[in-house]
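*Asks:* Could you have a look at this structure, given as structure tokens, before my questions?
Number of protein chains: 2
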Amino acid sequence: MSTQDRLDRGEVKLNSRRQNGVIQPLLTDLYQITMAYAYWRADKTKDTAVFDLFFRKNPFHGEFTIFAGLEECLKFLENFNYSDSDIEYLKDTLPTIDPEFFDFLRKLNADGITVWAIDEGSVVFPRVPLMRIEGPLIVAQLLETTLLTLVNYASLVATNAARYRLAAGKNVTLLEFGLRRAQGPDGGLSASKYAYLGGFDGTSNVLAGKLYQIPVRGTHAHAYISSFSDCEELKCRTMKHKETGEEQDFIEMCKNWKTELAPFFALMKEESSDGELAAFASYALAFPEAFVALVDTSGLLNFCAVAMALNDMGFIPKGIRIDSGDLAYLSTLSRATFERVATKYNLDWFRTLMIVASNDINEETIWSLNEQGHQIDCFGIGTHLVTCQRQPALGCVYKLVAINSTPKIKLSEDVEKVTMPGRKDVFRLYGGDGHALIDLLVQTGEPAPEIGSRVLCRHPFHESKRAWVNPAKVEPLYKMYWKDGKICEPLPQLVEIRQWVHESLKTLRQDHKRNLNPTPFKVAVSDRLYHFIHDLWLENAPIGELS
Amino acid sequence: MSTQDRLDRGEVKLNSRRQNGVIQPLLTDLYQITMAYAYWRADKTKDTAVFDLFFRKNPFHGEFTIFAGLEECLKFLENFNYSDSDIEYLKDTLPTIDPEFFDFLRKLNADGITVWAIDEGSVVFPRVPLMRIEGPLIVAQLLETTLLTLVNYASLVATNAARYRLAAGKNVTLLEFGLRRAQGPDGGLSASKYAYLGGFDGTSNVLAGKLYQIPVRGTHAHAYISSFSDCEELKCRTMKHKETGEEQDFIEMCKNWKTELAPFFALMKEESSDGELAAFASYALAFPEAFVALVDTSGLLNFCAVAMALNDMGFIPKGIRIDSGDLAYLSTLSRATFERVATKYNLDWFRTLMIVASNDINEETIWSLNEQGHQIDCFGIGTHLVTCQRQPALGCVYKLVAINSTPKIKLSEDVEKVTMPGRKDVFRLYGGDGHALIDLLVQTGEPAPEIGSRVLCRHPFHESKRAWVNPAKVEPLYKMYWKDGKICEPLPQLVEIRQWVHESLKTLRQDHKRNLNPTPFKVAVSDRLYHFIHDLWLENAPIGELS
Chain A
1 MSTQDRLDRG
11 EVKLNSRRQN
21 GVIQPLLTDL
31 YQITMAYAYW
41 RADKTKDTAV
51 FDLFFRKNPF
61 HGEFTIFAGL
71 EECLKFLENF
81 NYSDSDIEYL
91 KDTLPTIDPE
101 FFDFLRKLNA
111 DGITVWAIDE
121 GSVVFPRVPL
131 MRIEGPLIVA
141 QLLETTLLTL
151 VNYASLVATN
161 AARYRLAAGK
171 NVTLLEFGLR
181 RAQGPDGGLS
191 ASKYAYLGGF
201 DGTSNVLAGK
211 LYQIPVRGTH
221 AHAYISSFSD
231 CEELKCRTMK
241 HKETGEEQDF
251 IEMCKNWKTE
261 LAPFFALMKE
271 ESSDGELAAF
281 ASYALAFPEA
291 FVALVDTSGL
301 LNFCAVAMAL
311 NDMGFIPKGI
321 RIDSGDLAYL
331 STLSRATFER
341 VATKYNLDWF
351 RTLMIVASND
361 INEETIWSLN
371 EQGHQIDCFG
381 IGTHLVTCQR
391 QPALGCVYKL
401 VAINSTPKIK
411 LSEDVEKVTM
421 PGRKDVFRLY
431 GGDGHALIDL
441 LVQTGEPAPE
451 IGSRVLCRHP
461 FHESKRAWVN
471 PAKVEPLYKM
481 YWKDGKICEP
491 LPQLVEIRQW
501 VHESLKTLRQ
511 DHKRNLNPTP
521 FKVAVSDRLY
531 HFIHDLWLEN
541 APIGELS
Chain B
1 MSTQDRLDRG
11 EVKLNSRRQN
21 GVIQPLLTDL
31 YQITMAYAYW
41 RADKTKDTAV
51 FDLFFRKNPF
61 HGEFTIFAGL
71 EECLKFLENF
81 NYSDSDIEYL
91 KDTLPTIDPE
101 FFDFLRKLNA
111 DGITVWAIDE
121 GSVVFPRVPL
131 MRIEGPLIVA
141 QLLETTLLTL
151 VNYASLVATN
161 AARYRLAAGK
171 NVTLLEFGLR
181 RAQGPDGGLS
191 ASKYAYLGGF
201 DGTSNVLAGK
211 LYQIPVRGTH
221 AHAYISSFSD
231 CEELKCRTMK
241 HKETGEEQDF
251 IEMCKNWKTE
261 LAPFFALMKE
271 ESSDGELAAF
281 ASYALAFPEA
291 FVALVDTSGL
301 LNFCAVAMAL
311 NDMGFIPKGI
321 RIDSGDLAYL
331 STLSRATFER
341 VATKYNLDWF
351 RTLMIVASND
361 INEETIWSLN
371 EQGHQIDCFG
381 IGTHLVTCQR
391 QPALGCVYKL
401 VAINSTPKIK
411 LSEDVEKVTM
421 PGRKDVFRLY
431 GGDGHALIDL
441 LVQTGEPAPE
451 IGSRVLCRHP
461 FHESKRAWVN
471 PAKVEPLYKM
481 YWKDGKICEP
491 LPQLVEIRQW
501 VHESLKTLRQ
511 DHKRNLNPTP
521 FKVAVSDRLY
531 HFIHDLWLEN
541 APIGELS
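Taken in sequence, the protein lines are chains A and B.
Just so we're aligned: 258 in the UniProt record's numbering is position 258 of the first sequence, and the numbers increase by one with no gaps anywhere.
Just so we're aligned: 68 in the UniProt record's numbering is position 68 of the second sequence, and the numbers increase by one with no gaps anywhere.
Here is the structure:
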């Protein structure tokens, strides 16, 4: 979806989200400051540079990544300026530095920087720069750490969330419950935001709800149940009927339903905790319209009793949450129970009560549950989602590719670590069926690939790997997002980026997205870029040793 | 070290660190709010509760954990109050809730809460509550998520850092370089803070340096080298001699030294990049007192040339950083080179130049380097430290153990998950050699164990596991940190907590701390608590099924 489309649809607002804390330019590595000083001392204040921000490997043994964090990067650029107290701190910390440098630093801003970037929420691949940062060497270098910090975790969590979505399918609700295990308070906030962006439906994190307008969800904890001993202790017992307003002793109704239903569960009612019934009943009194109960192994009877009492009062309960035990078995057992109750009392909604599961779930658990068969409508996912347990860091890097218009290549014994020199543009080529075929990196200034015209796509490092591609659609991936101190593309709302993730992933063939042995998506270079890289490589090859 | 000791030593200042952002009470799970409302509806506003905050398993396959995050918890309590905009948001989000509840919520604070806690920075063990939170049920419940968020990651990173310190030994400098890979901007800040607390010596994170007075360190990146092509481009070339003030062409001096040293390295000087020499020389011009160069495989000659030129100008360089390749080999090679130069030119300081290593290092790398032998003086550690790759979450939980003075037990099919009911105190018992022997949980009100008097220490769940312990020293682990709306213990400075981590770990026997198959530290219950737990367990045992 193009920005113009979004603008036309009236979905885009500029600079609409500023509630979040401003990222300070001191959130960086000290060596950025020391390098800035050394550059300044070396009279390189007029030097210009081009940096690429990219990663080398998709996370989670997968073959795709979701790019996220761009808006935060742009907000950071808008506010990029060292405060007086920053300068004071730096003066104290680096006492040998010429004080004049700090006057220079105090006046710096990102006005001279131009940022080209792929749309936030796009599916992206290794080696394709997500952002190209151009401008004064010193400023562009000073941005490195913060841009990496803002992109790395955001993209990692968004990708993780998108993978959970693929595993769970589109009809299951996914909720992020990870705040308590997140890496720091803001780790939790970022997790909630980018999990939503990646395809989750909501979060338990209230502050994230407030700051980012993400739907928030939650019921009650086990402690709520433990805090009730029996129904007799309940002081507030009456509920008004939804339609008639008639007030009745709701607790008695729950108890009666429990007696009636107990044989149905092949249980004596003594076998099911009275404290739990009190907890469920009191929770239903508070939320008659949205009753969800945390059901341990033995809580189904109490839940059904309260649900039937709610029904008598004109309300329809929502469902249950299971937080322990065998989720496949328990969800199936619960559904079967609901169906029996539905049939016996002729209450169709009972059949489709929501079953939420939330016990230390990861992507593998969901695949395994799918295989076993389950009746879960909603997963609440915490630790594994927010900490990205399987791979807790994405390795985005920020590499110098040109200085004063001279392309630079970084060589490495590890071919994968050789950088692609110079300013580059990226096109995504699509086949006739609408699926993305390949990402093609070209030198900036090369003619763009054309629809219906074959283009040679080469592996950047293996000479023999190349293919002619005849695209049915050509999409330039970069837009200029930042220039002359201003954001120059409209920034979509979070919910729009979330939709874009969905659409962007749809363009990817299924075999790139599957869980087991996914096919790598190809990233190629144009013939001209290929020769350019290899000529420069040769020129820079070490003398006197075999690399 | 007791607080009184710290007070006496004048090291403690109250409420001295408030620069950090205030944690808002909405940084919580929604179910805390919905439970609060259900409690309020059930007329449980006068109910009181006791919650234990603890973890069940040490992280990283280790047998100890460092408790961190307490100060942030206390600051959170000081500021615990829902703002008008919080209330507005909650009203919108939970529209079915009785508006009167929000008046109640608006007025809530933590004045009724009492917090007992173990000193921040202490070595702690599974099942021992790190904090005991007592007070109004609703408030104590509302604190859960935020307290967990503040303790979980802080303790995880502090423990990780302490483990790196044990691996590296006390003579190696440890620097945290993880900001760019951290989980969100604040994830990076928390990482820097708690890595320092756990035993690191500094960070690259400038904002963490500013906020927490942590030493910051850093040199330059590879991009700095790439941005220079040759020495001829350098416009600023002169340096003043440190003592005499005499100005000389420093670049020429570097080039001359390179020519002189080249045979020594069995290299033609053309084999070593002139751009790199320009980069090192310009960096030395900026930091003659603190020259550290990023030395790739072939950069030693250029480094030594610049180092000798600096020496001629009266300065002593610091050393090199190695960021790629075989660290054992390269550090040994570098040291050998330094020693040869030192001998040849009779410059002793050249022998002991600092060698920093920073290439994707984790705890295992350090153990392996120790085994191989290396010459590294300083490790810069990023991703693995800050994301705690080996285990990215600590599983602290917050469990209700008493309500209205009635102890509560949470049963589970998994014995490890059975909670220890009621208010408890904890004592650490020490042997005659000063080492900690065991942590003993007792019921609050039980007489404390006495020095020289044997006390029965029991495994909480295995009847046959018990032992008489005759302590040479008895240390009560809890202090009352919060009461009547005030912090009631002096809060040590970060650097003092860091020292306390060191001292606390020293009391632990070596076999508990070793990397391979460490011995678990014993956590026991008193005979009285043992019987109390098991009587209550029996009382609450399920009817009609074998657990």
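Built from N, CA and C at the ideal position, the CB exists for glycine as well.
(1) Entirely within the segment 250-331 of chain B and at least 3 residues each: give me those beta strand (DSSP E) ranges in chain order.
(2) Quick check for students: name the residue ranges of the beta strand (DSSP E) that lie wholly in the segment 355-387 of chain B, counting only runs of 3 or more.
(3) Can a CB atom of chain A be found closer than 9 Å to the CB of Glu-289 of chain B?
(4) Would you mind telling me which residues of chain B sit closer than 8 Å to Arg-106 of chain A, beta carbon to beta carbon, in chain order?
(5) Determine the contact status of Glu-363 of chain A and Asn-160 of chain A, defining contact as a CB-CB distance below 9 Å.
(6) If you measure between the beta carbons of His-435 of chain A and Leu-508 of chain A, is that distance less than 9 Å?
(7) What's the gap between the Cα of Asn-15 of chain A and the Cα of Ser-227 of chain A?
(8) Give the range of the beta strand (DSSP E) segment to which Glu-475 of chain A is assigned.
(9) Counting only C-beta atoms, is Leu-180 of chain B closer than 9 Å to chain A at any point?
(10) Less than 7 Å between C-beta atoms, sequence neighbours within five positions excluded: which residues of the same chain meet that for Ala-279 of chain B?
(11) Taking C-beta pairs closer than 9 Å, name the residues in chain B that Cys-254 of chain A reaches, listed in chain order.
(12) If you count every other CB in all the chains shown that lies within 10 Å of the CB of Ile-451 of chain B, and 16 or more means buried, which is it?
(13) Tell me which residue opens and which closes the beta strand (DSSP E) that Ala-443 of chain B is part of.
(14) Give every residue of the same chain whose Cβ lies closer than 8 Å to the Cβ of Trp-468 of chain A, excluding the five residues on either side of it in the sequence, and list them in chain order.
(15) So, does the CB of Ala-436 of chain B fall closer than 9 Å to a CB anywhere in chain A?
(16) Since Ala-68 of chain B and Ser-155 of chain B are thought to touch, with beta carbons under 8 Å apart, how far apart are those beta carbons, to the nearest angstrom?
(17) Val-418 of chain B by DSSP, collapsed to three states: which one?
(18) Check the Cβ of residue 553 of chain B against every Cβ in chain A and list those closer than 8 Å, keeping chain order.
(19) Of the choices B:Tyr-283, B:Thr-352, B:Thr-383, whose alpha-carbon is the least far from that of Cys-231 of chain B?
(20) Do the CB positions of Gly-62 of chain A and Ser-504 of chain A come within less than 9 Å of each other?
(21) Would a check of beta-carbon distances place Val-172 of chain B closer than 9 Å to chain A?
(22) Reducing DSSP to helix, strand and coil, say where Leu-53 of chain B ends up.
(23) Who does Ile-66 of chain B pair with in a DSSP beta bridge?
(24) Going by CA-CA distance only, name the one from B:Phe-264, B:Thr-238, B:Leu-150, B:Val-115 that's closest to Ile-487 of chain B.
(25) Kindly say whether Leu-429 of chain A, judged by its beta-carbon, lies nearer than 9 Å to any beta-carbon of chain B.
(26) Which residue spans inside the segment 155-204 of chain B form an unbroken beta strand (DSSP E) run of at least 3?
(27) Against Leu-494 of chain A, what residues of chain B qualify as contacts under a CB-to-CB distance less than 9 Å, listed in chain order?
(28) Select from the segment 230-245 of chain A all residues with a C-beta closer than 8 Å to any C-beta belonging to chain B, and list them in chain order.
(29) Using the C-alpha atoms, what's the distance from Leu-27 of chain B back to Leu-94 of chain B?
(30) Relative to the alpha-carbon of Tyr-57 of chain B, which residue among B:Glu-88, B:Tyr-39, B:Arg-106, B:Pro-129 has its alpha-carbon at the smallest distance?
(31) From Gly-218 of chain A to Met-420 of chain B, what distance separates their C-alpha atoms?
(32) Taking C-alpha atoms, which residue in A:Asp-92, A:Lys-75, A:Gln-443, A:Gln-389 lies nearest to Ser-405 of chain A?
(33) Taking 7 Å as the limit between beta carbons, can you name the residues of its chain near Leu-400 of chain A, skipping five residues before and five after?
(34) Given a threshold of 16 other Cβ atoms within 10 Å of its Cβ, counted over all protein chains shown, does Glu-134 of chain B qualify as buried or as exposed?
(35) Going by beta carbon distance, what residues of the same chain come within less than 8 Å of Arg-6 of chain B, once the five residues before and after it are set aside?
(36) How would you call Gln-372 of chain A, buried or exposed, if buried means at least 16 neighbouring beta carbons within 10 angstroms?
*Replies:* This is what the structure gives:
(1) Within the segment 250-331 of chain B, the complete beta strand (DSSP E) runs of at least 3 residues are 292-294, 319-322.
(2) Correct list: 378-381.
(3) yes
(4) The contacting residues do not exist; Arg-106 of chain A stays about 15 Å from chain B at best.
(5) yes
(6) Yes, the pair counts as a contact, with Cβ atoms nearer than the cut-off.
(7) Annotation note: pLDDT 31 at Asn-15 of chain A (below 50); position unreliable, coordinate value reported separately. When rounded, the distance between both Cα atoms is 46 Å.
(8) That run of the beta strand (DSSP E) goes 473-476.
(9) What sits at residue 180 of chain B in the sequence shown is Arg, not Leu. So yes, Arg-180 of chain B belongs to the interface.
(10) Tyr-224, Ile-225, Phe-228
(11) Within chain B, no residue comes near Cys-254 of chain A; the closest Cβ sits about 13 Å away, beyond 9 Å.
(12) exposed
(13) A small fix is needed here, since residue 443 of chain B is Gln in this sequence, not Ala. 436-443 is the span of the beta strand (DSSP E), which, as asked, contains Gln-443 of chain B.
(14) Arg-454, Val-455, Leu-456, Cys-457
(15) no
(16) 5 Å
(17) coil
(18) The question about residue 553 of chain B has no answer here: the residues shown for chain B are numbered 1 through 547.
(19) B:Tyr-283
(20) Not closer than 9 Å, so no.
(21) no
(22) strand
(23) B:Val-123
(24) B:Val-115
(25) no
(26) The segment 155-204 of chain B contains these whole beta strand (DSSP E) runs: 173-176.
(27) Those within 9 Å of Leu-494 of chain A in chain B number zero; the least Cβ separation is about 16 Å.
(28) Of all residues in the segment 230-245 of chain A, the ones placed with a Cβ closer than 8 Å to any Cβ belonging to chain B are Leu-234, Lys-235, Cys-236, in chain order.
(29) Leu-27 of chain B has its alpha-carbon roughly 17 Å from the corresponding atom of Leu-94 of chain B.
(30) As written in the sequence, residue 57 of chain B is Lys, which differs from the Tyr given in the question. The shortest Cα separation from Lys-57 of chain B among B:Glu-88, B:Tyr-39, B:Arg-106, B:Pro-129 belongs to B:Pro-129.
(31) Those two C-alpha atoms are separated by around 27 Å.
(32) When only C-alpha atoms are compared, the closest one is A:Gln-443.
(33) If we look at Leu-400 of chain A and ignore the five residues flanking it on each side, its Cβ neighbours are Ala-49, Phe-51, Lys-408.
(34) buried
(35) Only weak support is given to the placement of Arg-6 of chain B: the predicted model assigns it a pLDDT of 41, under 50, and the value that follows is read from those uncertain coordinates. Closer than 8 Å at the Cβ level, and outside the excluded window around Arg-6 of chain B, lie Val-12, Pro-490, Pro-492, Glu-496.
(36) exposed
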